[in-house]
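Chains as they are written, first to last, in our numbering: chain A, 1 to 213; chain B, 214 to 635.
Take a look at the structure:
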């Protein structure tokens, strides 16, 4: 399993109710089901991926995350996961609030746009960065947002959503190995992973590094 | 709903099967139908394949569609030219694997394939005793069909069905089972179906019924001695067939190609292949189906309304009764029961916190897609059933209580021990 998913999995307690938005073929849910005995549900817009996930015996709904999430009752889940999809989300604040309505906690991960590799590409070539994490040209990318880790923290503060936990990692896109970045994460990490709580329920961040970049 | 599609390679099957009969009720102790009228005795024709486990926990009930029958898979004898109507789905190593599951399929009441229906002889004392019911047969509902199936399941000594599976009108029965007898169903697979007919679906059924009733041979339904309304029934079937296909599949299959000719005939022969096809399907159907049954079964489908029957008009309230997990499947080109109807039921299931999987499969074949070979469809059903089997083996027959953290209290503990107990 991808390293970023391993990190997310480590944050889920056994037996939890988990909703995975954009679950693809369900590898995270499958892992959590086997290792943590969670009660998982996935939402996936791609028919083939959703079909493969259901064929694995997972509970998955083939559909659009914005529409599908609306049907769940409040607090139906312990964790709602949005893994590497935030950069494609039209209205992130609305989606995150909706995630925190149906779940106690939400976990969001995204490629860190201000990783040093991207910065160097822009600086030296003067072109839009293309990386393993964001492997698209400007004309074919599904990604409509660029998200630096620093800006995401600021965004959470602005919308009043407490960060419960965060970690920055360095890993290649589909790599099963990686490492946690504690020094200058906004510069050196390829991905940011955040656990968010509802306004009023948040505790202080467990990992909170000053933005050193 | 075409059933018995031509030229499908179904591979190795379940072998020989036998149609069996189960009769319950009597004129003194009849089945009281939802209409308030009574029927008794009631006979169901049914077939089984696979082996019922010692624990009686591997039974899968397959519900047939509008004009199907109990002959879901296998052959009646070695020389049978065709296997059962879902032989591609049911058999050893197939998605509904008869090496694992004990498969039951019964003909619905109101039908004409061995179960009590309008062509059966009226047993009641009176002037009509011993003559076919015809339109004196009471109108039956999907709920009535399912209540009869429950009697059969009781008779077979099965407490809880591992799964109830069905497409189209069969899917309506699946939905009905899941909310009418929640404690008797571990998993439900409503496929290419709806919780209620749209006005469009009712409209097509009504035109089909009118075609039958407009045939002079119909004689108000009392035609069994005088000759059947073959033309009306054939036209009804032709209308049905149009709704089972799609614009794309018709274009692909026929386009405007001519049948056995190079030029237009300038008369009313079947010039086009599509005309020839519909005439062929209509005529083929007449030889195996009863016109009155067609009237009754289409009426039952039109009357079906899960939210009115079980939720006082609210689909969410109707599914509040359910306890099973669901696999809902729709097909992109199915305009008879379009995907939005499946999404509506999925939405109501989710609002109840039910365990539901849903997939809209891309397929060009229209409503009939659920009867045609499709690797994705096969994988969905096989994978889902395999999971349910594992969950039930782990004592989580009741998805609702398992979800609430009560896993391990045992499936059907409320039934006196295990999902298998009666």
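No residue lacks a Cβ here, since even glycine has one placed at the ideal position from N, Cα and C.
Item to complete: Anything in chain B within Cβ reach of residue 71(A), meaning under 7 Å, just list it in chain order.
Response: 560, 563, 564, listed in chain order.
Item to complete: Using a Cβ cut-off of 7 Å, pull out every chain A residue sitting near residue 600(B), in sequence order please.
Response: 57
Fill in: residue 572(B) at chain A interface by Cβ criterion, 8 Å
Judged by the 8 Å Cβ criterion, residue 572(B) is in contact with chain A.
Worksheet item: With C-beta atoms as the reference, is residue 405(B) less than 8 Å away from residue 547(B)?
Response: Yes, the Cβ-Cβ distance between residue 405(B) and residue 547(B) is below 8 Å.
Discussion item. On the DSSP letters alone, give me the boundaries of the beta strand (DSSP E) that residue 379(B) sits inside.
Written reply: Counting along the chain, the unbroken beta strand (DSSP E) around residue 379(B) starts and ends at 376 to 380.
Item to complete: Compare the C-alpha of residue 574(B) against each of 565(B), 564(B), 566(B), 585(B) and name the closest.
Response: 585(B)
Discussion item. Against chain A, which members of the stretch 573 to 594 of chain B pass a CB distance test of less than 8 Å?
Written reply: 573, 574, 575, 589, 592, 593
Discussion item. Per the DSSP calculation, residue 106(A) is bridged to which residue(s)?
Written reply: Residue 106(A) is bridged to 80(A), 196(A).
Item to complete: Give the DSSP-derived three-state secondary structure of residue 364(B) in the structure shown.
Response: helix
Worksheet item: In whole angstroms, what separates the C-alpha of residue 444(B) from that of residue 69(A)?
Response: 51 Å
Discussion item. Quick check: what's the CA-CA separation for residue 240(B) versus residue 335(B)?
Written reply: 10 Å
Discussion item. Looking at the secondary structure, which residues open and close the beta strand (DSSP E) in which residue 540(B) lies?
Written reply: 538 to 544
Fill in: residue 256(B) (DSSP reduced to helix, strand or coil)
Strand.
Worksheet item: Cα separation between residue 328(B) and residue 420(B)?
Response: 26 Å
Practice prompt. Mind listing the chain A neighbours of residue 473(B)? Cutoff is C-beta to C-beta under 7 Å, in chain order.
Written response: Near residue 473(B) there are no residues of chain A at all, since even the closest Cβ is about 40 Å away, more than 7 Å.
Worksheet item: When DSSP builds the beta bridges, which residues end up paired with residue 640(B)?
Response: Residue numbering for chain B in the displayed model covers 214 to 635; residue 640(B) lies beyond these limits and cannot be assessed.
Worksheet entry | Segments assigned beta strand (DSSP E), at least 3 residues, entirely inside the stretch 147 to 186 of chain A | 163 to 170, 179 to 181
Worksheet item: Could you give the residue range of the beta strand (DSSP E) that holds residue 319(B)?
Response: 315 to 319
Practice prompt. Please compile the residues from chain A whose C-beta is within a distance smaller than 7 Å of the C-beta of residue 596(B).
Written response: Neighbours of residue 596(B) on chain A, chain order: 54, 55, 56, 57.
Discussion item. Give me the chain A residues within the contact set of residue 270(B), using Cβ-Cβ distance strictly less than 9 Å, ordered along the chain.
Written reply: Going along chain A, no residue has its Cβ under 9 Å from residue 270(B), so there is no contact; the nearest lies around 18 Å.
Discussion item. Any beta carbon of chain A sitting closer than 8 Å to that of residue 223(B)?
Written reply: Put simply, the CB of residue 223(B) is far from chain A, with every gap to its CB atoms at 8 Å or more.
Fill in: Cβ neighbours of residue 601(B) in the same chain (closer than 8 Å, five flanking residues each side left out)
375, 376, 399, 400, 538
Worksheet item: Roughly how many whole angstroms lie between the Cα atoms of residue 56(A) and residue 153(A)?
Response: 36 Å
Practice prompt. Just grab the DSSP bridge partners of residue 60(A) for me.
Written response: The secondary-structure analysis by DSSP pairs residue 60(A) across a beta bridge with 42(A).
Worksheet item: Of all the CB atoms in chain B, is at least one closer than 8 Å to the CB of residue 63(A)?
Response: Cβ-Cβ to chain B under 8 Å: yes for residue 63(A).
Worksheet item: Is the shortest distance between the beta-carbon of residue 616(B) and the beta-carbons of chain A less than 8 Å?
Response: For residue 616(B), the pLDDT reaches just 46, beneath the cut-off of 50, and the residue's location in the model is therefore unreliable, leaving the point undetermined.
Item to complete: Find the nearest neighbour of residue 578(B) within the set 457(B), 522(B), 221(B), judged by alpha-carbon distance.
Response: 457(B)
Discussion item. Just to confirm, is the Cβ distance from residue 311(B) to residue 281(B) under 8 Å?
Written reply: no
Worksheet entry | Option in 367(B), 319(B), 345(B), 430(B) with minimal Cα separation from residue 379(B) | Measuring from the Cα of residue 379(B), the nearest candidate turns out to be 319(B).
Discussion item. Between which two residues does the beta strand (DSSP E) holding residue 570(B) run?
Written reply: 569 to 574
Fill in: residue 111(A) - partner residues in DSSP beta bridges
191(A)
Worksheet item: Since residue 518(B) sits in a beta bridge, which residues does DSSP pair it with?
Response: 409(B)
Discussion item. Tell me the DSSP secondary structure of residue 448(B) in three-state form.
Written reply: helix
Practice prompt. Assign residue 183(A) to buried or exposed, taking buried as 16 or more other Cβ atoms, counted over all protein chains shown, within 10 Å of its Cβ.
Written response: exposed
Discussion item. Quick check: the Cα distance between residue 3(A) and residue 23(A), rounded to an integer number of angstroms?
Written reply: If you draw a straight line from the Cα of residue 3(A) to the Cα of residue 23(A), it is about 15 Å long.
Worksheet entry | Coil, strand or helix - residue 400(B) by DSSP | Residue 400(B) falls in the strand class under three-state DSSP.
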